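Visitor: One structure, pasted below without further comment.
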DNA sequence: TTCTCACTTGAACAATTGTGCAATCGATGA
DNA sequence: TCATCGATTGCACAATTGTTCAAGTGAGAA
């Protein structure tokens, strides 16, 4: 997969004078955390699964409820829940004949709401930077 | 793509008595925000791209620096940056002959650090729920 | 203007991921 | 015990995504 054969050979070919400085930037986080975090994001990064999460954020629901609510088959919903559960995003418990799902913890709920909030707005501004079009203030 | 033909026909086949209540749960967020948020997550949900973000979180860098630091080709890095930029996660500006990239805003930075923090720990506990193994306290 | 450097883009292939059907599991009730 | 209901899983197919090479762009130097 994608891997740096030698991550510490950070010796840019562009001369230091052209940049601000060059303090040999370190990875900041270990590869395992990076992998874990990205798997978490990818699990949430699907409209169908995120919609499930937004419903579970209001309280636990059983698979049948979710299936009817989504207009999808039991199997389809179950598969999506499986992905979310494999990343410890949601948890389940049996309730009589049904199995209820809920968000794993407040941490996850914050993440979901944070992203949904971020999706509504689009501020994005920083001195000297552009983000709108392709070549806006690139001189 | 994945879409409910009729999202408001939420009438579960399982009887209400078996559940706590059934207040006809609403979508909570609109489809557009859901789509936007999930695209954002998916863009971050890749180890290689998340690693780039973790480096940009320490300050802006030019493409060549990133390429050397990652041990990848310019093209590869540029493609990854393109994905991140298409979701307004990062912004760029020209610095002489080089093009520097940086995180778009504090919002994004919070998201990244939040996830990396989340990846390090694994608390996940809630009354009545299990999250560890498959069938722990299912009955 | 022309050349070169720094970077971007297009396109094709490989790899990963999502979907739906059918078979299966597991708990409850007869 | 057996039948049934709710939910999960395996598998195959389709769709999406990541990677790489080669060609292209655009700003600055000659």
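Protein chains in written order, with the working numbering: chain A, 573 to 711; chain B, 573 to 711. All C-beta atoms, glycine included, are put in the ideal place defined by N, C-alpha and C. Treat the numbers as computed from the prediction; the structure is a model and nothing was measured.
Helix, strand or coil: how does DSSP classify residue 667 of chain A here?
Guide: Taking the first chain and counting its residues from 1, the one referred to as residue 667 of chain A is at position 95. DSSP places residue 667 of chain A in the strand class (E or B) of the three-state scheme.
Visitor: Specify, as a first and last residue, the run of the alpha helix (DSSP H) that residue 649 of chain B falls within.
Guide: Here the question's residue 649 of chain B lines up with position 77 in the second chain. Annotation for residue 649 of chain B: the continuous alpha helix (DSSP H) segment containing it runs 646–658.
Visitor: Can you tell which of B:669, B:670, B:662 and B:692 has its C-alpha closest to the C-alpha of residue 629 of chain B?
Guide: Counting from 1 along the second chain, the entry for residue 629 of chain B is found at position 57. When each option's Cα is compared against that of residue 629 of chain B, the closest is B:662.
Visitor: Quick check: is the beta carbon of residue 691 of chain A nearer than 9 Å to any beta carbon in chain B?
Guide: The residue labelled residue 691 of chain A in the question sits at position 119 within the first chain. Interface residue, yes.
Visitor: How long is the line joining the alpha carbons of residue 654 of chain A and residue 621 of chain B, rounded to whole angstroms?
Guide: Looking up residue 654 of chain A in the first chain gives position 82. Looking up residue 621 of chain B in the second chain gives position 49. In a straight line, the C-alpha of residue 654 of chain A is about 25 Å away from that of residue 621 of chain B.
Visitor: Please state whether the Cβ-Cβ distance between residue 625 of chain A and residue 659 of chain A is less than 9 Å.
Guide: Translated into positions along the first chain, residue 625 of chain A becomes position 53. Translated into positions along the first chain, residue 659 of chain A becomes position 87. Not a contact, by the Cβ cut-off of 9 Å.
Visitor: List, in chain order, every chain A residue whose beta-carbon is nearer than 7 Å to that of residue 726 of chain B.
Guide: What the structure shows of chain B is the stretch from 573 to 711, and residue 726 of chain B is not part of that stretch, so it cannot be assessed.
Visitor: Considering only DSSP beta bridges, list what residue 681 of chain A is partnered with.
Guide: To locate residue 681 of chain A, count along the first chain from 1; it is residue 109. Beta-bridge pairing links residue 681 of chain A to no other residue.
Visitor: Quick check on residue 656 of chain A - is its C-beta less than 9 Å from some C-beta in chain B?
Guide: Numbered from its first residue, the first chain carries residue 656 of chain A at position 84. Not an interface residue.
Visitor: Spell out whether any CB of chain B is found under 9 Å from the CB atom of residue 612 of chain A.
Guide: As a working note, residue 612 of chain A is residue 40 in the first chain. Chain B contact via Cβ: present.
Visitor: Measuring only between beta-carbons, confirm whether residue 605 of chain A sits less than 9 Å from chain B.
Guide: Position 33 of the first chain, counted from the first residue, corresponds to residue 605 of chain A. Yes, because at least one Cβ of chain B sits closer than 9 Å to the Cβ of residue 605 of chain A.
Visitor: Along the chain, where does the alpha helix (DSSP H) that runs through residue 642 of chain B open and close?
Guide: Position 70 of the second chain, counted from the start, is the residue given in the question as residue 642 of chain B. It spans 635–642 - the alpha helix (DSSP H) in which residue 642 of chain B sits, taken as one unbroken run.
Visitor: Quick one: Cα of residue 536 of chain B to Cα of residue 679 of chain A, how far?
Guide: Any answer about residue 536 of chain B is impossible in this case: the structure gives chain B only from 573 up to 711.
Visitor: Round the Cβ separation of residue 657 of chain A and residue 664 of chain A to the nearest angstrom and send it over; I've been treating them as touching at under 8 Å.
Guide: Locating residue 657 of chain A in the first chain gives position 85, counting from the first residue. Locating residue 664 of chain A in the first chain gives position 92, counting from the first residue. With 8 Å as the limit, residue 657 of chain A and residue 664 of chain A qualify as a contact, their Cβ atoms being about 7 Å apart.
Visitor: Shortest alpha-carbon distance to residue 619 of chain A belongs to which of B:651, B:672 and B:607?
Guide: On the first chain, residue 619 of chain A is found 47 positions in, with the first residue counted as 1. That would be B:607, whose Cα lies nearest to the Cα of residue 619 of chain A.
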